[in-house]
Structures are given as C-alpha cells and as structure tokens.
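Visitor: The structure's right below; bear with me while I get my questions together.
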Amino acid sequence: MRIILIHGFNANPTMNFHPWLRDELHAAGFQVIAPELPLSSKEELDMPAILEVMKKEVGYLKNDDILLGHSLGGLLVLQYLEAVEMVETPRAVVLVAAPWNVARPELRRLFVDDLDADVLMWKAREFVIIHSQDDKLVPIEHGRKLAQQLRARLIETATDDHYMGEQYPILLETIKQIATTPFEYAPGETLEDQFK
Numbered sequence: 021m022r023i024i025l026i027h028g029f030n031a032n033p034t035m036n037f038h039p040w041l042r043d044e045l046h047a048a049g050f051q052v053i054a055p056e057l058p059l060s061s062k063e064e065l066d067m068p069a070i071l072e073v074m075k076k077e078v079g080y081l082k083n084d085d086i087l088l089g090h091s092l093g094g095l096l097v098l099q100y101l102e103a104v105e106m107v108e109t110p111r112a113v114v115l116v117a118a119p120w121n122v123a124r125p126e127l128r129r130l131f132v133d134d135l136d137a138d139v140l141m142w143k144a145r146e147f148v149i150i151h152s153q154d155d156k157l158v159p160i161e162h163g164r165k166l167a168q169q170l171r172a173r174l175i176e177t178a179t180d181d182h183y184m185g186e187q188y189p190i191l192l193e194t195i196k197q198i199a200t201t202p203f204e205y206a207p208g209e210t211l212e213d214q215f216k
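Residue numbers for the sequence shown follow our numbering, beginning at 21 and rising by one.
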C-alpha cells in the first residue's frame with residue numbers, strides 16, 4: 021500500500037511533520053512517496069509543471085493508495101485527482117489543514133470553487149478532513165466547508181494549529197485506521213438520497 025504525502029506552500033518533504041510521518045509509515049510497512057514540488061513564493065505558480073512533477077513521482081493512482089495533502093498540498097491532491105487519467109480509485113484522500121479559498125490571486129485556481137466537488141467526491145473511496153479548531157492560518161470553517169462539499173469525514177482537533185510541528189499522532193492513527201478498515205460498500209451507498 022502506497023502513502024503519498026504532499027507538502028504545502030513554501031515547504032518541502034523535509035519540513036514540519038513529514039519526516040516523522042514518513043519514517044513511522046515506513047516502519048509500519050507502507051511504501052511512502054513524498055515528491056518535492058515547485059510550490060514556493062520565490063517562483064510563479066505553474067500548475068502544469070507541478071502536476072507534471074506529481075505525475076512523474078506518483079504515476080497512476082492505485083486502488084489501495086492513500087493520499088495525504090497538508091495545507092495547499094491538500095488542494096494539489098484535489099487538482100491531481102481531477103487532472104490525472106485514472107484507471108483505479110484510490111482508497112482515501114486525507115486533507116490536513118487545507119483551505120477552502122484564499123485572497124492571493126496567484127493561488128486562486130487551486131481552490132475547490134474552481135473544481136467540480138460533485139465529480140471530485142467520486143475520485144476516491146473516502147475523504148477525510150483533519151483540521152484544528154485553533155488553526156491561525158486557515159480557520160476551522162475552511163475544513164468544515166471542505167468536509168461538507170466532499171461529503172468527507174471531519175476530524176477536528178483542539179490545539180494543533182496549522183500542523184507545522186514535528187509530530188501529530190492523529191495523522192498516523194488516521195492512515196493506519198483507513199488502511200486496516202475493509203472497504204465493503206459501494207460508492208455512494210452512505211450518502212443521503214437527495215431525490216427521495
């Protein structure tokens with residue numbers, strides 16, 4: 021089973037919780053892919069170039085893949101799901117402290133307002149949003165909005181701010197729980213029937 025870790029803006033795979041989580045996942049027997057993306061304020065945001073790096077590093081998604089994106093990296097995961105040719109449906113997408121939108125015009129096209137949430141929610145078998153109630157960079161309302169739009173399971177923590185520290189056991193626990201829980205129902209089965 022592959023775990024694909026996508027870092028956020030002005031970050032890389034050696035920052036924040038990524039090294040710890042990568043090592044813990046390796047120790048638990050997972051294959052971990054953590055591409056370094058050109059996602060920095062020092063360069064113009066080039067979505068095709070970013071997606072090309074992801075395609076080269078990640079390739080086709082497999083049905084037991086779990087993708088975890090932190091902050092803006094969460095929205096890159098959604099862009100990837102929308103852009104890449106898919107032959108299998110990944111097991112889960114976990115978005116950590118991901119924003120719903122921002123004011124910076126150069127980052128606008130990353131956001132769900134410009135993506136088709138109705139299509140995206142079928143691009144993985146499960147979506148999980150992890151967000152802290154005390155996040156000072158991306159308020160908790162963003163996580164709640166994403167969870168609503170993607171029909172995702174929302175995990176709210178109390179004191180993890182923007183998840184820029186070195187260790188967050190909730191991330192490891194969530195991935196392990198997803199990986200060990202059999203997925204036995206058909207897509208959409210748990211959604212409310214809005215046509216009744």
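Built from N, CA and C at the ideal position, the CB exists for glycine as well. Small disclaimer: the values here were computed from a predicted structure and weren't measured.
For F37, count neighbouring C-beta atoms within 10 Å of its own C-beta (all shown protein chains included) and say buried if the count is 16 or more, exposed if not.
Guide: So F37 counts as buried.
Visitor: Where are the beta strand (DSSP E) runs, 3 residues long or more, that stay fully inside the stretch 30–118, in chain order?
Guide: Listed in chain order, the complete beta strand (DSSP E) runs (minimum 3 residues) inside the stretch 30–118 are 51–53, 86–90, 112–116.
Visitor: Using the beta-carbon count (16 or more within 10 Å), is V107 buried or exposed?
Guide: V107 comes out exposed.
Visitor: Is DSSP giving L25 helix, strand or coil here?
Guide: Residue state, collapsed to three classes: strand.
Visitor: Comparing C-alpha positions only, which one of G163, Q153, V78 sits nearest to V52?
Guide: The shortest C-alpha separation from V52 is found at V78.
Visitor: Per DSSP, what kind of secondary structure is L140 in: helix, strand or coil?
Guide: L140 falls in the helix class under three-state DSSP.
Visitor: Considering only C-alpha positions, which residue in the set T201, E176, T200 is nearest to I190?
Guide: Nearest option by C-alpha distance: E176.
Visitor: Does DSSP put R173 in a helix, a strand or coil?
Guide: Strand.
Visitor: Can you tell which of I26, I195, G28 has the C-alpha that lies nearest to the C-alpha of A112?
Guide: Nearest option by C-alpha distance: I195.
Visitor: Could you tell me the distance, in whole angstroms, from the CA atom of A117 to the CA atom of G94?
Guide: Rounded to whole angstroms, A117 to G94 spans 8 Å at the Cα level.
Visitor: Measure the alpha-carbon distance for M25 versus E212 and round it to whole angstroms.
Guide: Contrary to the premise, residue 25 reads as Leu rather than Met in this sequence. Using only the alpha carbons, I get a separation of about 31 Å.
Visitor: With a cut-off of 8 Å, do at least 3 Cβ pairs link the stretch 134–149 to the stretch 167–174?
Guide: Because the criterion of three Cβ pairs below 8 Å is met, the stretch 134–149 and the stretch 167–174 touch.
Visitor: Tell me whether H162 sits in a helix, a strand or coil according to DSSP, three-state version.
Guide: Three-state DSSP puts H162 in a helix.
Visitor: Which word fits G49, buried or exposed, when buried means at least 16 other C-beta atoms lie within 10 angstroms of its C-beta?
Guide: The residue in question, G49, is exposed, as its Cβ has fewer than 16 Cβ neighbours within 10 Å.
Visitor: In or out: G185 buried (at least 16 other Cβ within 10 Å) or exposed?
Guide: By the neighbour-count rule (16 or more Cβ atoms within 10 Å), G185 is not buried but exposed.
Visitor: Who are the Cβ neighbours of A144 in its own chain at under 8 Å, not counting the five residues just before and after it?
Guide: Around A144: L87, L101, T109, P110, R111, A112, V113.
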